[in-house]
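Mind the numbering: the sequence shown is residues -12 to 403 in this note's numbering, read in order. A virtual CB, placed ideally from N, CA and C, is assigned to each residue, including glycine. Nothing here was measured: the structure is a model prediction, and the numbers come from that model.
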Amino acid sequence: MFNREKQFNRKHQLTSKNQFDEKIQTALIARREKGLQRNTQVFSHLADNQISVSTSNSATESRPYINFSSNDYLGLARDPELISAWQQGLTQYGCGSSASPAVTGLSMAHQSLQAKLCEWLGYSRAVLFNSGFSANQALLFTLLDKHDHLVQDKLNHASLMEAGMLSPASMSRFKHNDVNDLSRKLTELSATQAKLVVSEGVFSMDGDIAPLNELSQQCQKHHAWLAIDDAHGLGVLGSSGGGITELSGIKPNILIVTFGKAVGLSGAAILCDESTGEFLNQFARHYVYSTAMPPAQAYAISHAITMIQQQAWRREKLAELSEIFHDSLSTLSGYRSTSTAIKPLICGNSQQAIDLSNYLKQKGMWVGAIRPPTVPANAARLRITLSSRHSQQQVLQLTQAIIQYYQLDANLRGQN
Ligand SMILES: *Cc1c(COP(=O)(O)O)cnc(C)c1O
């Protein structure tokens, strides 16, 4: 039976060429020619915060690298305590949730995660999603209709930009963290339009923090709602790791948090008031028509939150490493000081970023080069991320290699 089915499939495989073949080839060639191709590699995690990389290119043989590219800021993703929490969750709840939360997919584990998030972050409702990408789409698609207006920070994450463009609302973008520009944009709008302002809490490529106080004053003044995506602030900022809202003491109308970064797992939640939560439960298609996250995962996320709340040493360690990093590199022209775990080092054009990234790889450190269109033209950079799993020694090894690279580079230029 099984074999017959396989044969059947093969016999009926479609092979005819059409316009898609050409479109795909053209797009791939253009990307390669611009040097913007992304190569997905397979990573293995070793002890001591190191990774090894399997690559089809034999020139870069497999060797251990210190990982300065992950969003696992608190070192939870491979923490034995969290791993065993997920295992306990599996024993208790099984594997998949087997249905949408709107059908029979919502378990006690999901429910207690929702309650925990609400209590921690100070909201009445938490709506769970399988990813931050889908949470952002769900929010903007459900909330906005064609009479509404969306205003976004120019550097907002691709998931927010794309959702905004696909939504029926009109959209404008204000200059990054520029509240005066936001004010101008809001003033131009009609008083009858519903307005939503969206910003990241901590910007993923720059590591800087949104001016939440001023943003919320502007929103108040113009009767706009404020939504904050705190994917990179949760766990890292605030005395209990509650993120930008805990740090600033300001509660936006809507808060999006994700669990794939400092929380060490995967998934996301939208925090909001009672009726907005009910509205999303009723109408958000990414919620209603998608299988709920595995209950064991929800159980593990709850455990990770307890660890984040109680293990302040992780944030203290991060602050310590951040200081070492700052002291070593603050005189470099591409250096940007941040109070988060994200440390951009602006290099200029794509090739310069790739050269530095390759140099660090030779020295046993993995730091991704981030290039346009992810960041603006001529702002290609290394996106260095620190984690509480790094040792002081590892951070010094990184900063010394960067300094060495710039000295070599300056010497070369001096000779020309
Ligand atoms: C990573 C990220 C997302 C997407 O979250 P996923 O859970 O990875 O889909 C959304 N917003 C921001 C700001 C992010 O950095």
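In its chain, beyond the 5 residues on either side, 248 have a beta carbon closer than 6 Å to the beta carbon of residue 58. Relative to ligand 1, the nearest heavy atom lies less than 7 Å away from the CB of residue 255. In this structure, residue 120 has its beta carbon less than 7 Å from a heavy atom of ligand 1.
Inside the region 36 to 84, DSSP marks whole beta strand (DSSP E) runs of 3 or more residues at positions 37 to 41, 51 to 54, from first to last along the chain. By the neighbour-count criterion, in which 16 or more other beta carbons inside 10 Å mark a residue as buried, residue 210 falls on the exposed side. Here residue 225 is buried. Its C-beta has 16 or more other C-beta atoms within 10 Å. Put simply, the region 126 to 146 does not touch the region 102 to 110. Fewer than three CB pairs are less than 8 Å apart. If you draw a straight line from the Cα of residue 76 to the Cα of residue 382, it comes to about 35 Å.
A distance of 8 Å or more separates the beta carbons of residue 256 and residue 120. Excluding residues up to 5 positions away in sequence, 39, 40, 41, 42 lie with their Cβ nearer than 8 Å to the Cβ of residue 49 in the same chain. Counting only residues of its own chain and dropping the five nearest sequence neighbours on each side, residue 64 has a CB closer than 6 Å to the CB of 251. C-alpha of residue 391 to C-alpha of residue 399: approximately 12 Å in a straight line. The beta carbon of residue 56 sits no closer than 7 Å to any heavy atom of ligand 1. As the crow flies, the alpha-carbon of residue 350 is around 38 Å from that of residue 198. Nearest Cα to residue 258 within the set 232, 272, 337, 277: 232. Counting only runs of 4 or more residues that sit fully inside the region 268 to 354, the alpha helix (DSSP H) segments are 272 to 275, 282 to 297, 300 to 316, 337 to 349, in chain order. Taking the Cα positions, residue 222 is about 21 Å away from residue 379. By the neighbour-count definition (other C-beta atoms within 10 Å, threshold 16), residue 139 is a buried residue.
Here the region 285 to 298 makes no contact with the region 141 to 160; the two share fewer than three CB pairs at distances below 8 Å. In terms of Cβ geometry, residue 348 and residue 52 form a close pair [threshold 8 Å]. Here residue 219 carries a coil assignment [DSSP, helix/strand/coil].
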